[in-house]
Amino acid sequence: MRNTTTSTAGVRGGAALLALALLTACQSTSEISVSEAVVRLPANPDVAAGYLTIDNSGGAGDTLTGVTSEAAREVQMHDTVHDDDMAQMQRQDEIAVGGGETVRFESGGLHLMLLEPDELQVGDTVPLRLRFREAGEVTVEATVQEQVPGMDGAQNMDHMGEMGGM
Amino acid sequence: MRTITTVIAGGLALLAMLTGCAQQQPSPGDESPYNGTEITGAFTLPDATFTTTEGEDYNLKQDSAGTLTAVFFGFTNCPDICPTTMADISQAVEKLSAEQREHFQVIFVTADPQRDDTEVMRMWLDSFDSSFIGLTGELATIDAAAADLGVSIERSEDRSGDYQVGHGSQVLLFSPEGRSQLMWRYGTEPAAMTEDLRMLLEQEA
Numbered sequence: 009m010r011n012t013t014t015s016t017a018g019v020r021g022g023a024a025l026l027a028l029a030l031l032t033a034c035q036s037t038s039e040i041s042v043s044e045a046v047v048r049l050p051a052n053p054d055v056a057a058g059y060l061t062i063d064n065s066g067g068a069g070d071t072l073t074g075v076t077s078e079a080a081r082e083v084q085m086h087d088t089v090h091d092d093d094m095a096q097m098q099r100q101d102e103i104a105v106g107g108g109e110t111v112r113f114e115s116g117g118l119h120l121m122l123l124e125p126d127e128l129q130v131g132d133t134v135p136l137r138l139r140f141r142e143a144g145e146v147t148v149e150a151t152v153q154e155q156v157p158g159m160d161g162a163q164n165m166d167h168m169g170e171m172g173g174m
Numbered sequence: 007m008r009t010i011t012t013v014i015a016g017g018l019a020l021l022a023m024l025t026g027c028a029q030q031q032p033s034p035g036d037e038s039p040y041n042g043t044e045i046t047g048a049f050t051l052p053d054a055t056f057t058t059t060e061g062e063d064y065n066l067k068q069d070s071a072g073t074l075t076a077v078f079f080g081f082t083n084c085p086d087i088c089p090t091t092m093a094d095i096s097q098a099v100e101k102l103s104a105e106q107r108e109h110f111q112v113i114f115v116t117a118d119p120q121r122d123d124t125e126v127m128r129m130w131l132d133s134f135d136s137s138f139i140g141l142t143g144e145l146a147t148i149d150a151a152a153a154d155l156g157v158s159i160e161r162s163e164d165r166s167g168d169y170q171v172g173h174g175s176q177v178l179l180f181s182p183e184g185r186s187q188l189m190w191r192y193g194t195e196p197a198a199m200t201e202d203l204r205m206l207l208e209q210e211a
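Chains P and Z, in that order, are what the protein sequence lines are.
Just so it is clear: in the first sequence, position 115 is 123 by the working numbering, and no numbers are missing.
Just so it is clear: in the second sequence, position 196 is 202 by the working numbering, and no numbers are missing.
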């Protein structure tokens, strides 16, 4: 069963991880932390995208079973599946976060979809409550960012600077 | 008919992918100066009439004549791909000179006319660049135009509630004569777009 290329260190490391996993399992906790949470200022007021990073530093796997927020009617989890040039969103009921794994919600892949969000402004924070099967609820404050990086509102100052150029 | 178009589009997409790969490792005989994938003459803007966000008729072929034109199909309830693409293009456009901007336009065609009325679309586009043109029309007109341009659209049968629309995520660039020139895949960096636009605009000048 075990891969033949496993080194002694690997075995030791594996044993340590296994022990940690067992220990963690006994305590029925996983070490979940959520960071880099942002919500992008919606261009259509009905829907905003959210991105974040989930770290599970524990040995046991966990599962994200849903997200809610006071600042939106509903928060859905979606994955963008690229098939040739076709982008299709697929709603996810749960997201597995294995022991020692990092799962990133980022543009072009997994993302949160906030339906009917409150009126948001750049710099606001939005609480996101993530429900994990093992770790329970983890709340993170997501920062609201503009649609176009470095752009605040309609036009960028950059524009003016380059007007006479070229 | 539709099936054949889809198959051809699929073949072209595959070809484009292969070309795209080749571009990253330039080999003799393939020295495309562009960041996007060259699709010269593969598609032609169809003679199809839509409605702008201002409620005016817009014929994709005739009304875009004389201007380098980028076309993207999407929908405003799309939280990730569409706003990211629009934001990337708007950043690319910002880096052009005022004169260059006069010779380039961006057209967003909604793949979801049921929810994207002209008001929503205008507001949505204004958050990226108020010069972007938004087009809507009959489902059949939109789907036919998309198929003509090798862009796939998948709409769920049940369009109630928070439905999603699958759509081709590529941006297509057309010459002032309406012939396809370049395709930018999703994730093309704004700086790469700017480089391509400058090159194309210099050629036209």
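Note that beta-carbon positions come from the ideal geometry of N, C-alpha and C, so glycine has one too.
Keep in mind that this is a model prediction, so the values were computed, not measured.
### Interfacial residues, the region 128-139 of chain Z to chain P, with Cβ spacing under 9 Å
Listed in sequence order: M129, W130, L131, D132, S133, F134, D135, S136.
### Message
I want to verify the contact list: residues of chain P whose CB lies under 7 Å from the CB of P85 of chain Z, in sequence order.
### Response
What P85 of chain Z touches in chain P: V55, A56, A57, H119, M121.
### Query
Rounded to a whole number of angstroms, what is the C-alpha to C-alpha distance between Q176 of chain Z and P135 of chain P?
One alpha carbon belongs to Q176 of chain Z, the other to P135 of chain P, and they sit about 34 Å apart.
### Task
Answer with buried or exposed for L145 of chain Z, where buried requires no fewer than 16 other C-beta atoms within 10 angstroms of its C-beta.
Under the 10 Å beta carbon count, L145 of chain Z is surrounded by fewer than 16 other beta carbons and is classified as exposed.
### Message
Three or more C-beta pairs under 8 Å: does that hold for the region 104-118 of chain Z against the region 139-155 of chain Z?
### Response
The region 104-118 of chain Z is in contact with the region 139-155 of chain Z.
#### Entry: Residue-chain proximity (E160 of chain Z, chain P), Cβ-Cβ < 9 Å
Yes, E160 of chain Z lies at the interface with chain P (some Cβ there is under 9 Å from its Cβ).
### Task
Go to E149 of chain P, then tell me how far its beta strand (DSSP E) extends in each direction, as first and last residue.
Residues 144-153.
### Query
Quick one: is Q120 of chain Z near chain P, going by C-beta distance under 9 Å?
Output row for Q120 of chain Z: interface = no.
### Query
For R191 of chain Z, which residues in chain P fall below 7 Å Cβ to Cβ?
Correct list: D93.
### Query
Is the beta carbon of T58 of chain Z sitting closer than 9 Å to the one on T124 of chain Z?
Going by C-beta atoms, T58 of chain Z is nearer than 9 Å to T124 of chain Z.
### Task
Please list, in chain order, all residues of the same chain as W3 of chain Z whose beta carbon is under 6 Å from its beta carbon, the five residues on each side excluded.
Absent from the structure is residue 3 of chain Z, since the part of chain Z shown begins at 7 and ends at 211.
### Within-9 Å CB hit, P157 of chain P to chain Z
For P157 of chain P, the answer is yes, since a Cβ of chain Z falls inside 9 Å of its Cβ.
### Message
Check whether the region 93-113 of chain P and the region 122-137 of chain P touch, using three or more Cβ-Cβ pairs below 8 Å as the test.
### Response
Because the criterion of three Cβ pairs below 8 Å is not met, the region 93-113 of chain P and the region 122-137 of chain P do not touch.
### Query
Count the other CB atoms within 10 Å of the CB of T200 of chain Z; is the residue buried (16 or more) or exposed (fewer)?
The residue in question, T200 of chain Z, is buried, as its Cβ has 16 or more Cβ neighbours within 10 Å.
### Cutoff 9 Å: Q129 of chain P Cβ touching any chain Z Cβ
No, no contact with chain Z.
#### Entry: First and last residue of the uninterrupted alpha helix (DSSP H) at L207 of chain Z
Taken as a continuous stretch (DSSP letters only), the alpha helix (DSSP H) holding L207 of chain Z covers 196-210.
### Task
Could you list the residues in the region 45-59 of chain Z with a C-beta less than 8 Å from some C-beta on chain P, going in chain order?
Listed in sequence order: no entries.
### Message
According to DSSP, S43 of chain P sits in a beta bridge with which residue or residues?
### Response
Paired residue(s): P:T61.
### Task
On the DSSP bridge assignment, give the partners of Q96 of chain P in chain order.
Paired residue(s): P:V89.
### Task
Please report the residue range of the alpha helix (DSSP H) in which A93 of chain Z lies.
87-100 is the span of the alpha helix (DSSP H), which, as asked, contains A93 of chain Z.
### Task
May I have the straight-line CA-CA distance separating I73 of chain P from E37 of chain Z, to the nearest angstrom?
The sequence given here has Thr at residue 73 of chain P, not Ile. When rounded, the distance between both Cα atoms is 49 Å.
### Query
For E142 of chain P, which residues of its own chain have a beta-carbon under 7 Å away from its beta-carbon, when the five flanking residues on both sides are left out?
Only S36, T37, S38, A68, D70 meet the Cβ criterion.
#### Entry: Under the three-state DSSP convention, the category E160 of chain Z falls into
When DSSP states are grouped into helix, strand and coil, E160 of chain Z belongs to the strand group.
### Task
Measure from the alpha carbon of L170 of chain Z to the alpha carbon of each residue in Z:A93, Z:S133, Z:P85, Z:I95, then state which is nearest.
A small correction: the amino acid at residue 170 of chain Z is Gln; Leu does not occupy that position in the sequence shown. For Q170 of chain Z, the closest of Z:A93, Z:S133, Z:P85, Z:I95 by C-alpha to C-alpha distance is Z:P85.
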